[in-house]
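Take a look at the structure set out below.
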Amino acid sequence: MHIHNRKNSNRHLCRDCNSSFSVTVDTIMHASKLPLPKWFAAIFLIVNAKKRISSLQLARDINVNKNTAWYMQKRIREAMYSDSDDLLKGIVEVDESYVGGSMTNMRKSYKKELGIYPGGMEHKKPVLGMMQREGLVKVIVIDKADAKTIRPLLNKHIDTASEVVTDGFGAYRMLHKTHAKHVKLNHSKNIMSLGKYNTSRLDSFWTTIKRAIVGQYHRVSPEHLQSYLDEIAFKFNNREEDLFSLLITRIIQQEPRIAVT
Numbered sequence: 063m064h065i066h067n068r069k070n071s072n073r074h075l076c077r078d079c080n081s082s083f084s085v086t087v088d089t090i091m092h093a094s095k096l097p098l099p100k101w102f103a104a105i106f107l108i109v110n111a112k113k114r115i116s117s118l119q120l121a122r123d124i125n126v127n128k129n130t131a132w133y134m135q136k137r138i139r140e141a142m143y144s145d146s147d148d149l150l151k152g153i154v155e156v157d158e159s160y161v162g163g164s165m166t167n168m169r170k171s172y173k174k175e176l177g178i179y180p181g182g183m184e185h186k187k188p189v190l191g192m193m194q195r196e197g198l199v200k201v202i203v204i205d206k207a208d209a210k211t212i213r214p215l216l217n218k219h220i221d222t223a224s225e226v227v228t229d230g231f232g233a234y235r236m237l238h239k240t241h242a243k244h245v246k247l248n249h250s251k252n253i254m255s256l257g258k259y260n261t262s263r264l265d266s267f268w269t270t271i272k273r274a275i276v277g278q279y280h281r282v283s284p285e286h287l288q289s290y291l292d293e294i295a296f297k298f299n300n301r302e303e304d305l306f307s308l309l310i311t312r313i314i315q316q317e318p319r320i321a322v323t
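The number in the numbering used here is simply the position in the sequence shown, starting from 1, with 62 added.
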């Protein structure tokens, strides 16, 4: 491949196919007409916003319209996604949660149309959380909170030599056969810990997620929920790092998971 710099331009030319390209090719900034300083400003604001930042606020801060800001956030969150195969080890807290809006303000006709039971969770999206004690957290949006869905994920992401801490939910019932130890906490009887075993750190993480969605994003569609969780997990897992430099490195090295057209 023969690459040359174009004169009086920031673009490059491939002599083999006679096409030109910029340094943003195959990154989340590919095919974007926005100048790089706008992208860098957006990345800096997003990674340093302790309480997250909405697309409306980002639009005001970098002087773009709200659709452009949302588009930028979507791409930046793609760079926060981690496909690491590293297994969670030691004491691992596991729990499922449900993310979605309250039924309080839903129209009765809409509830009836959805077939929602007043005390149920059908209107919310289940999310599986796995957190290594003093380590990483992994959060995955799942279609259904049942054993068939959850057990393969636990086997994939948690080392078999780990001590897994859960509540009494039936989907976790067979963990003692696949992992070194399974500690069940009976939350229905208000047993929240057994010695060093508890799920308090993961419970705190769920609170962080729900505060971000209710306080900043207000509404998150199931289609994009995983990317919002990726952002929150990225910040948590790298809280001791220079997030801006880390994310710029990822953007350069990672292939985007979404179409860049």
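Backbone N, C-alpha and C fix where the C-beta goes; we use that ideal spot for every residue, glycine too.
Pairwise C-alpha distance: residue j and residue i
i    : j    : result
K136 : S289 : 7 Å
R139 : G277 : 19 Å
D147 : W132 : 29 Å
E196 : L149 : 14 Å
L247 : V227 : 7 Å
D292 : L256 : 30 Å
D123 : R213 : 44 Å
M236 : K218 : 15 Å
N300 : K95  : 30 Å
S116 : V126 : 13 Å
K128 : Q315 : 28 Å
T269 : L309 : 25 Å
F83  : A93  : Residue placement at F83 is flagged as unreliable, the pLDDT there being 49, under the threshold of 50; the coordinate-derived value follows with that caveat. Each residue's alpha carbon lies about 10 Å from the other.
F298 : F231 : 26 Å
D304 : A103 : 15 Å
E302 : V109 : 12 Å
V271 : L120 : For clarity, residue 271 is Ile in the given sequence; the question names Val instead. Answer to the nearest angstrom: the Cα atoms are 19 Å apart.
D145 : H249 : 32 Å
K210 : L287 : 22 Å
I325 : L98  : Because the chain spans 63 through 323 in this model, residue 325 falls outside it and cannot be assessed.
I275 : Y143 : 18 Å
K113 : T311 : 23 Å
Y279 : V245 : 35 Å
K258 : F267 : 18 Å
Limits of the unbroken beta strand (DSSP E) element including residue i
i    : result
V245 : 243-247
P97  : No beta strand (DSSP E) holds P97; DSSP gives it neither H nor E.
Of the residues the options, the one placed nearest residue i, counting alpha carbons only
i    : options                : result
P284 : M91, L96, V161, V156   : V161
K186 : K206, T261, A93        : K206
N260 : I153, R281, L98        : I153
K251 : D221, D229, L287       : D229
E158 : Q119, V203, L247, V282 : V203
F306 : N217, F106, F296, V201 : F106
K243 : V156, L308, S144, V109 : V156
D118 : R281, D304, E302, K297 : What sits at residue 118 in the sequence shown is Leu, not Asp. Nearest C-alpha to L118: R281.
K100 : F267, K258, M134, W268 : M134
Beta-ladder partner(s) of residue i, from DSSP
i    : result
E225 : I153, K243
M193 : E155, V199
L256 : Y259
P188 : Y160
Extent of the continuous alpha helix (DSSP H) run through residue i
i    : result
M134 : 128-142
F267 : 262-274
Q315 : 305-315
T89  : Premise fails: T89 is in no alpha helix (DSSP H) and is neither H nor E.
S289 : 287-299
I212 : 209-219
A121 : 117-124
Whole-Å CB distance - residue i paired with residue j, under 8 Å assumed
i    : j    : result
S224 : K151 : 6 Å
I313 : A141 : 5 Å
T222 : H238 : So it is not a contact: roughly 12 Å between Cβ atoms.
L3   : L198 : Look at the range of the chain in this structure, 63 to 323, and you will see that residue 3 is not part of it.
M192 : I220 : 6 Å
A295 : V201 : 5 Å
A233 : D265 : About 18 Å; that fails the 8 Å criterion.
Near the ligand SAH: residue i beta-carbon under 7 Å from a heavy atom
i    : result
H238 : The ligand SAH is not part of this structure, which contains no ligands at all.
Any chain C beta carbon closer than 8 Å to residue i
i    : result
K206 : Looking at the structure shown, chain C is missing, and only one protein chain is on hand.
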